[in-house]
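Notes to accompany the following structure.
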Amino acid sequence: MKVILLRFGPLYLKGNNRYVFENMLISNIKKKLCDENFKFEKTFGRYVVSNYEKSREDAIVQKLKQVFGLYSLSVAEEVVASVDAIKNEIEKNELDGKSFKVIVKRADKNFPVPSMEFAKELGGLLLDKNPNASVDLYNPMVEVNVDIRMNGKAYIFNETIKCQGGLPLGSAGKAMLLLSGGIDSPVAGYLMGKRGLELEALHFYSYPYTSELAKEKVITLAKELTPYLGKIDLHVVSFTKVQEAIHMNCSSEYMITLMRRIMMRVAERLCEKYSLGAIVTGESLGQVASQTMNSMTVTGGVVNNKPIFRPCIALDKEDIIEVAKDIGTYKTSVLPYEDCCTVFLPKNPVIKPTIEKCEKEEKRLNIEALVEECLAGEEIIEIK
Ligand code: ATP
Ligand code: MG
5 MKVILLRFGP LYLKGNNRYV FENMLISNIK KKLCDENFKF EKTFGRYVVS
55 NYEKSREDAI VQKLKQVFGL YSLSVAEEVV ASVDAIKNEI EKNELDGKSF
105 KVIVKRADKN FPVPSMEFAK ELGGLLLDKN PNASVDLYNP MVEVNVDIRM
155 NGKAYIFNET IKCQGGLPLG SAGKAMLLLS GGIDSPVAGY LMGKRGLELE
205 ALHFYSYPYT SELAKEKVIT LAKELTPYLG KIDLHVVSFT KVQEAIHMNC
255 SSEYMITLMR RIMMRVAERL CEKYSLGAIV TGESLGQVAS QTMNSMTVTG
305 GVVNNKPIFR PCIALDKEDI IEVAKDIGTY KTSVLPYEDC CTVFLPKNPV
355 IKPTIEKCEK EEKRLNIEAL VEECLAGEEI IEIK
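For the sequence shown, my numbering begins at 5 and goes up steadily by one.
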């Protein structure tokens with residue numbers, strides 16, 4: 005019987021939480037495959053997905069490759085873990101003219117033949133059947149794997165497909181992703197999701213300075229993250245009043261810094277409102293003026309009780325772009341719609357803002373009223 009054999013990460017490192025993690029992973033897998041017919045079996049160290057429609061195999065593999073916490077998978081033939089049944093299945097490998105290597109893993113130590121010995125025996129069998137094949141232990145063209153598990157079954161396969169790795173979505177709690185229309189913040193969301201964080205997203209827009217299309221773009225980006233992050237509540241907040249107030253009253257070089265400080269305050273308030281444990285941004289050190297150490301000190305400085313996670317902080321733009329392309333957000337991110345931060349963009353944004361100057365500038369604003377107004381106009385769009 006053809007099955008999909010799933011391998012997961014080192015959940016055992018989580019001690020007593022292991023079962024919580026494992027149940028979360030299993031529930032995420034089942035949710036991911038909710039539109040498919042399949043049987044799920046949990047056996048020590050592996051999961052087995054079986055009884056699916058053959059025509060859905062590729063689609064199921066693609067879906068499983070998006071589940072955080074799975075490390076790799078193999079489409080395998082499942083047989084009873086007996087010497088004869090395994091030999092019978094192994095013989096089907098057509099290896100004429102190819103080099104190969106047999107790898108036997110024996111989780112079930114009650115299996116009568118030790119792994120190395122059995123691998124040699126199976127290799128001999130394959131050579132008998134395929135006189136033009138050769139054994140190459142170091143760089144074989146074909147790997148013939150036999151994985152003998154504790155459930156009385158053996159799994160025979162040629163390929164191991166890498167999956168996402170990471171930790172099960174939701175196992176690290178829930179946080180708020182500041183999602184712009186750019187390249188970096190969707191990647192930041194993906195990277196934190198991979199560490200087990202479930203996410204809601206927050207987007208500030210400046211209609212009529214930015215078009216409705218800018219908002220549509222962010223909805224598309226959130227949608228493109230759902231294969232990895234599941235359902236996302238996207239909070240959309242109008243930033244127009246804030247920008248006008250800053251533009252009219254404050255020093256232009258501090259425009260972006262002051263905007264960011266208000267974004268952060270709104271984000272923290274929404275975290276409190278929706279019981280979210282952290283704020284996530286797509287900032288990368290030194291990428292632009294607003295992402296220097298000083299800038300992050302003053303923008304992060306207004307957040308009192310939540311950690312700010314910046315998973316792109318140490319990544320080169322090239323590396324961020326590579327992830328964006330891999331996960332499928334890049335094409336949308338580079339569509340040319342304006343972000344609210346590009347409206348009223350100062351010619352010379354400050355590179356080393358100070359807290360003192362920020363506070364002086366903010367005296368000219370009614371910060372609390374601006375934050376309240378953002379919160380009052382919040383719209384929530386459920387993205388799935
Ligand atoms: P990105 O590619 O994510 O837009 P960026 O390199 O353009 O990042 P900035 O525009 O300086 O960088 O924004 C830094 C971070 O601030 C973004 O990664 C995002 O987390 C947050 N941010 C910026 N603009 C918005 C917005 N309009 N709504 C929500 N968050 C935003
Ligand atoms: Mg941006």
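C-beta atoms are modelled at their ideal positions from N, C-alpha and C, and glycine is treated no differently.
Fair warning: this is a prediction, and the values are worked out from it, not measured in the lab.
Asked	Found
So, helix, strand or coil for residue 57, using DSSP?	coil
Check this for me: beta carbons of residue 307 and residue 263, under 8 Å apart or not?	no
Which partner residues of residue 1 appear in the DSSP bridge assignment?	Only positions 5 to 388 of the chain appear in this structure, which leaves residue 1 out of reach.
Since residue 390 contacts residue 188 with CB under 8 Å, what's their CB separation in whole angstroms?	Nothing in the structure corresponds to residue 390, since the chain is present only between 5 and 388.
Alpha carbon to alpha carbon, what distance is there between residue 11 and residue 77?	6 Å
Tell me which residues share the same chain as residue 273 and place their Cβ nearer than 8 Å to its Cβ, disregarding the 5 neighbours each side in the sequence.	375, 379
What do you reckon, are the CB atoms on residue 103 and residue 62 nearer than 8 Å?	no
Cα separation between residue 333 and residue 51?	30 Å
Measure the CB-CB distance between residue 200 and residue 234 and report whether it falls below 8 Å.	no
According to the neighbour-count rule (16 or more other Cβ atoms, all chains shown, within 10 Å of its Cβ), is residue 151 buried or exposed?	buried
Output the distance between the C-alpha atoms of residue 218 and residue 242, rounded to the nearest integer angstrom.	12 Å
What residue range does the alpha helix (DSSP H) around residue 471 cover?	Residue 471 lies beyond the stretch modelled for the chain, which goes from 5 to 388, so this question has no answer here.
Give a single yes or no on whether residue 289 has its beta carbon closer than 7 Å to a heavy atom of ligand 1.	no
I believe residue 28 touches residue 127 by the beta-carbon criterion, under 8 Å. Please report the beta-carbon distance rounded to the nearest angstrom.	With a Cβ gap of about 40 Å, residue 28 and residue 127 do not count as contacting.
Could you tell me whether any non-hydrogen atom of ligand 1 is closer than 7 Å to the CB of residue 229?	no
Tell me whether residue 172 is buried or exposed, calling it buried when 16 or more other Cβ atoms sit within 10 Å of its Cβ.	buried
Would residue 131 and residue 95 be called neighbours here (beta carbons separated by less than 8 Å)?	no
Give a single yes or no on whether residue 286 has its beta carbon closer than 7 Å to a heavy atom of ligand 1.	yes
Going by beta-carbon coordinates alone, are residue 68 and residue 8 separated by less than 8 Å?	yes
Buried or exposed: where does residue 205 fall if 16 or more other Cβ atoms within 10 Å of its Cβ makes it buried?	buried
Going by CA-CA distance only, name the one from 106, 320, 6, 74 that's closest to residue 120.	106
Any heavy atom of ligand 1 closer than 7 Å to the CB of residue 295?	yes
Do residue 162 and residue 146 come within 8 Å of each other at the CB atom, strictly closer than that value?	yes
Does residue 115 pass the burial test, meaning 16 or more other C-beta atoms within 10 Å, or should it be called exposed?	buried
Please report the straight-line C-alpha distance between residue 160 and residue 296, rounded to a whole angstrom.	53 Å
Who are the near neighbours of residue 318 in its chain, counting only those whose CB is closer than 8 Å to its CB and skipping five residues on each side?	288, 289
Near residue 123, what residues of its chain come up, given a Cβ to Cβ distance below 7 Å and the 5 sequence neighbours on each side ignored?	106, 107, 108
When we look at the beta-carbon of residue 180 and count the other beta-carbons within 10 Å, is it buried (16 or more) or exposed?	buried
Which class does residue 395 belong to by DSSP, given the choice of helix, strand or coil?	Residue 395 falls outside the range modelled here, since the chain spans only 5 to 388, and no answer is possible.
My output table needs one value for residue 211: the three-state DSSP class, helix, strand or coil.	coil
Could you name the residues of the same chain whose beta carbon sits closer than 6 Å to that of residue 286, not counting the 5 residues immediately before and after it, in chain order?	188, 189, 192, 316
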